[in-house]
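J.:
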Amino acid sequence: MRVLIIEDEVPLRRALGINLRSNGYDVLLAANGAEGLAHAASEHPDAVILDLGLPDIDGMEVIEGIRGWSGVPLIVLSARHTSQEKVRALDAGADDYLTKPFNMDELLARVRVAVRRAPAAGTESTVRTADFEIDLAAKQVIRDGTSVRLTPTEWAIVETLVRHPRELVSQRQLLLDVWGPAYSSETNYLRVYLTHVRRKLEPDPRRPRYFITEPGMGYRFEP
2 MRVLIIEDEV PLRRALGINL RSNGYDVLLA ANGAEGLAHA ASEHPDAVIL
52 DLGLPDIDGM EVIEGIRGWS GVPLIVLSAR HTSQEKVRAL DAGADDYLTK
102 PFNMDELLAR VRVAVRRAPA AGTESTVRTA DFEIDLAAKQ VIRDGTSVRL
152 TPTEWAIVET LVRHPRELVS QRQLLLDVWG PAYSSETNYL RVYLTHVRRK
202 LEPDPRRPRY FITEPGMGYR FEP
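Numbering (this note's numbering), first residue to last: 2 to 224.
See below:
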């Protein structure tokens, strides 16, 4: 797996490179946005880690530039802590957002999750059911001809389950994939958010047809 790191802080860029290489990744390093975009276009990385505060191009423009032609998993790593900045980055096309300072193990876990979620070459990116259509590449759900507004967390849950059709996804795995290691025991989060997802997508939320609970174990998507 090849990871592109776009980060202008030399010590952090070096530390990220060392840690990723020690975990078996091939690493590309870029010190600014222009260099990062060039690497992304020529080297086709499997994931991108991007700082928003770059010296030449704002990180949001880099996200939009990459998203213009690629669905590569993209993790923002930034000192910008406000919810508005996070929403802007996610709406622009980022898959995840981690604020500085951060835990290196958590970042590595998020890289693994992002790569695992990415569709393999040739994989069908659109999932159709009798009641809605999910476009994994566009991160969009269409129901009755209208786009369904999902929050980033709701989308992450839907995406994780839909990428494993008919498979049981354990509560712990879903929490790790969506919220990260610090939330691996917060099963109440899943109950709340699955309720929201069912209200928006299930024909009868009280009798789920697509997003099934396996009591005490996890959840399953039935196409």
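Note that the Cβ used here is the ideal one computed from N, Cα and C, for glycine as well. These numbers come from a predicted model, not from an experiment.
With a 10 Å radius around its C-beta and 16 neighbouring C-beta atoms as the bar for buried, classify Phe-103 as buried or exposed.
T.: Translated into the one-based positions of the sequence shown, residue 103 becomes position 102. Its Cβ having fewer than 16 others within 10 Å, Phe-103 is exposed.
J.: Determine the DSSP secondary structure at Thr-196, reduced to helix, strand or coil.
T.: Within the sequence shown, residue 196 is the residue found at index 195, counting from 1. Here Thr-196 sits in helix by DSSP.
J.: For the region 59-67 against the region 77-94, are there 3 or more C-beta pairs whose distance is under 8 Å?
T.: yes
J.: Output the distance between the C-alpha atoms of Ala-80 and Gly-54, rounded to the nearest integer angstrom.
T.: Numbered from 1 along the sequence shown, position 79 holds the residue referred to as residue 80. Numbered from 1 along the sequence shown, position 53 holds the residue referred to as residue 54. Rounded to the nearest angstrom, the two C-alpha atoms are 8 Å apart.
J.: Less than 9 Å between the beta carbons of Ala-48 and Met-2, yes or no?
T.: Counting from one through the sequence shown, the residue named residue 48 turns up at place 47. Counting from one through the sequence shown, the residue named residue 2 turns up at place 1. Taking 9 Å as the Cβ cut-off, Ala-48 and Met-2 qualify as a contacting pair.
J.: How is the alpha helix (DSSP H) around Leu-13 delimited, first residue to last?
T.: Locating residue 13 in the sequence shown gives position 12, counting from the first residue. For Leu-13, the enclosing alpha helix (DSSP H) starts and ends at 11-23.
J.: Please state if the CB of Glu-187 and the CB of Leu-176 are separated by a distance shorter than 9 Å.
T.: As a working note, residue 176 is residue 175 in the sequence shown. As a working note, residue 187 is residue 186 in the sequence shown. Yes, these two residues count as a Cβ contact at 9 Å.
J.: With burial defined as no fewer than 16 other Cβ atoms inside 10 Å of the residue's Cβ, what is the status of Gln-172: buried or exposed?
T.: Mapped onto the sequence shown, residue 172 falls at position 171. Flag for Gln-172 reads buried.
J.: Identify whether Thr-188 lies in helix, strand or coil by the three-state DSSP scheme.
T.: The sequence position of residue 188 within the sequence shown is 187, counting from 1. Note: Thr-188 maps to helix in three-state DSSP.
J.: From the DSSP output, in three-state form, read off Ile-50 for me.
T.: For the purposes of this step, residue 50 is taken as residue 49 along the sequence shown, with counting starting at 1. The three-state reading of DSSP puts Ile-50 in strand, counting E and B together.
J.: Consult DSSP for Asp-106 and reduce its assignment to one of helix, strand or coil.
T.: Taking the sequence shown and counting its residues from 1, the one referred to as residue 106 is at position 105. Of the three classes helix, strand and coil, the one that applies to Asp-106 here is helix, per DSSP.
J.: Tell me whether Ile-67 sits in a helix, a strand or coil according to DSSP, three-state version.
T.: Walking along the sequence shown from the start, residue 67 turns up at place 66. Helix.
J.: Under 8 Å Cβ to Cβ from Arg-14, same chain only, skipping five residues before and after it: list those, please.
T.: Stepping through the sequence shown from its first residue, residue 14 is reached at position 13. Counting only Cβ-Cβ distances below 8 Å, and skipping sequence neighbours, we find Ile-6, Glu-8, Leu-30 and Ala-32.
J.: Taking Val-4 as the reference, give the member of Val-11, Leu-195 and Leu-17 with the closest Cα.
T.: Here residue 4 refers to the residue found at position 3 when the sequence shown is read from its first residue. If we check each option's Cα against that of Val-4, Leu-17 comes out closest.
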